[in-house]
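Notes to accompany the following structure.
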Amino acid sequence: MESGDRYGVAGYGSGGDGAVPPPPAHAPSVGPPPPGASLRAAAAALLNLTGLGLGYALLGLWGRAAVCWAATAVLLWVALPADPDGVPAGVLVGYLLVLVVAAVDGGRIARRSAVGGAWRPGLAVGLGVVLLAVPAGGAVVYGSARDEAREQMLLERLESGDERVATASGQPFEAAKGEYGKALDVYRALGEDHPGSRAAKLVPDRLEAYYDAVSAPYAKKRHCEAVAPLTYLRTLPDSVDKKVLGELAAWPDTPLAESLYACGVSRLGGAGSGSGGGGGTELGELLRTFPESASARRVAPAIDERIKDQVTALKGAEPCTATEVLRGLGATASRLPDDSVKKLSADADEGVVDGVYACGVDQFKDGKFGAARTTLTDFARTYKSDGRVRQARNIAVAAEIADDRPAAGKRLPPSKRPGGARMELVISNDAPNTVEVLYTGPVTGTVTLRACAGCERYSASEGPRRACKASGRNYPKARLQLPAGEYHFLYKHGTGAAARVDSYSSGTRVQPGYTYTSCTYVIERSPFDLDLPLLPDPIQPVVSPWGAGSSR
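The sequence shown: position 271 = 271 (the numbering used here), numbered continuously.
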């Protein structure tokens, strides 16, 4: 009997007629398996491993085959279309468990069952082996689709980084820095985490565009604006793999050095030089960070040239401006970390000395008498050993007089004392307070008269008549030897006993051959605090060409 035939079991009829009952549909659960059982089991197991439930179908177990079909359908529903993350691990493990159970179960049943028909176990095994290529090929195709989906996802990420760069490039760097940082995170992740992807191969080109966008101010020669973004680019190797950056890792050094130089030089001598401004911040950073660069070697010549230009400008129309620039240049040079630059501060300081004097003179000529007085007074106090101190003081005195009497500022006091005869001017003080007398003309100077003990204030009508004429009274006096010429005087009364006493200015001409006297006194104000007019100065050559008074 062939292995594919069903087995019959002889039975014994009770009727004794020798009838044989039909064989059972399946092999008995006990006893040896039918012939060819192993081959049938292998065929059923292989056919069930295909996920198509064919092992159960050949055994006629359609319900169990339907379970396999449902499991495969669920897998396909979850897996398709292909996702970059693939099939969830839980679903895949569950499906494989169903296949294994189906294979074991199908093999077990086929081993104990005699399958009828033309079914040949050997052919079934071959078919099972062939059909296993279906899920295996499907897995390969699915893996390829999943890889493509992953590539598309990575390309979309790359595109999102490109969009951030495009958005940021239209904004100032400080406002766009966050967007640039997010775009860089995208490029860095693609280059470092997915080095073999198509997107990663595009990252170098994208990084070049990224560097171009960030450093756009440098390309446009806006060097001060370029310092911050170039400094940012220079720090990227600290956070991005140098293999990803390639040659870009070192690229910012030269542009940054050039921008620091150009920006610093453009600000030389400007506002804030003493606190790191005026180019000091940028040039200091250049000398510390790139001390051997070509840009660093240009710093000292640039500052030296700028100092010389401003020294020349002291003779021009704006000496005050040139002085401030020189002051800034000196402050900047003194703070830079390079000895060849530091020593240039001495040249700037020397120029400042000349500049302060030139500025005060220019202010006087422009009628800015208050400013001229302040500038030249400070000059005399600061540079006591300078040969121009005496003249600076004279101009300051003339400026103070001119501030009250503009005619005194028509010309600068002579720098040299004139020769020739001198006329004596005796100034007496008939005021209960000290008086400082400032005068300018062919000669300039000041004298101070102490307070007159026992002297009183006069009414407006009494002053010219009684001042300096009390017999027996010793009035404080000052004697001046004056060359002939036009003079302007300012009488500055102190406070104390004569509080609220006004200063008083006057002018007169000193002529050869005369002796002059002047008397200063105080006139009471009216009870209603009205300024009373002063009487004209009496001109009396030989005796007294003028009188001087003040009101209270």
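Don't be surprised by glycine CBs; every beta carbon is placed ideally from N, CA and C.
Per DSSP, the unbroken alpha helix (DSSP H) holding residue 265 starts and ends at 253-266.
As DSSP reads the structure, residue 427 sits in a beta bridge with 478 and 518.
DSSP places residue 285 outside any beta strand (DSSP E); the residue lies instead in the alpha helix (DSSP H), whose first and last residues are 280-289. At least 8 Å separates the beta-carbon of residue 326 from that of residue 346.
Taking the CA atoms as reference points, residue 212 sits about 24 Å from residue 194. Nearest in C-alpha terms to residue 99, of all of 394, 71 and 316, is 71. For residue 308, no beta strand (DSSP E) segment is defined; the enclosing uninterrupted segment is the alpha helix (DSSP H) at 299-313. Per DSSP, residue 72 has no beta bridge partner at all.
Using a C-beta cut-off of 8 Å, the stretch 331-342 makes no contact with the stretch 378-394, since fewer than three inter-stretch Cβ pairs fall below that distance.
Between residue 425 and residue 521 a beta carbon distance of about 17 Å is seen, past the 8 Å cut, so the two are scored as non-contacting.
Where residue 485 is concerned, the enclosing beta strand (DSSP E) starts and stops at 485-493. Nearest Cα to residue 41 within the set 110, 149, 65 and 204: 110.
When DSSP states are grouped into helix, strand and coil, residue 383 belongs to the coil group.
Nearest in C-alpha terms to residue 392, of all of 373, 350 and 469, is 373. By a beta-carbon distance limit of 8 Å, residue 256 does not contact residue 208. Their separation comes to about 17 Å. Shown here for residue 441: same chain residues with a beta carbon closer than 6 Å to its own, the five before and five after excluded, namely 485, 486 and 487 in chain order.
Restricting attention to 289, 241, 245 and 236, the CA atom closest to the CA of residue 259 is found in 289. Cβ-Cβ distances below 7 Å link residue 360 to 372, 375, 376, 379, 392 and 395 in the same chain, with the five nearest sequence neighbours on each side left out; the list follows chain order. Taking each of 465, 476 and 513 in turn and checking the Cα distance to residue 433, the smallest one comes out for 476. Exposed is the label assigned to residue 90, since fewer than 16 other Cβ atoms lie within 10 Å of its Cβ. Cβ-Cβ distances below 7 Å link residue 264 to 279, 282, 283 and 286 in the same chain, with the five nearest sequence neighbours on each side left out; the list follows chain order. For residue 411 and residue 492, the gap between their C-alpha atoms comes out near 22 Å.
Per DSSP, residue 231 is one residue of the alpha helix (DSSP H) stretching across 223-234.
With a cut-off of 8 Å on Cβ pairs, the stretch 353-367 is not in contact with the stretch 328-337, counting fewer than three such pairs. For residue 436, the pairing in a beta bridge is given by DSSP as 448 and 492. Spatial neighbours of residue 199 in its own chain (CB-CB distance under 8 Å, excluding positions within 5 residues in sequence) are listed in chain order as 151, 154, 155, 157, 158 and 190.
DSSP places residue 508 within a strand segment (E or B) once states are collapsed to three. Rounded to whole angstroms, residue 238 and residue 245 show a C-alpha spacing of 11 Å.
Restricting attention to 510, 267, 173 and 318, the CA atom closest to the CA of residue 328 is found in 267.
Ranked by Cα distance from residue 505, the first of 480, 438, 512 and 462 is 438. Cβ neighbours of residue 176 within its own chain (closer than 7 Å, five residues either side excluded): 168. Residue burial annotation: residue 431 is buried, with at least 16 other C-beta atoms found within 10 angstroms of its C-beta. Assigned with DSSP and collapsed to three states, residue 422 falls in strand.
From the listed residues 315, 185, 253 and 397, the smallest Cα separation to residue 294 is found for 253.
Counting only residues of its own chain and dropping the five nearest sequence neighbours on each side, residue 467 has a CB closer than 6 Å to the CB of 430, 519 and 521. Boundaries of the alpha helix (DSSP H) around residue 211: 198-214.
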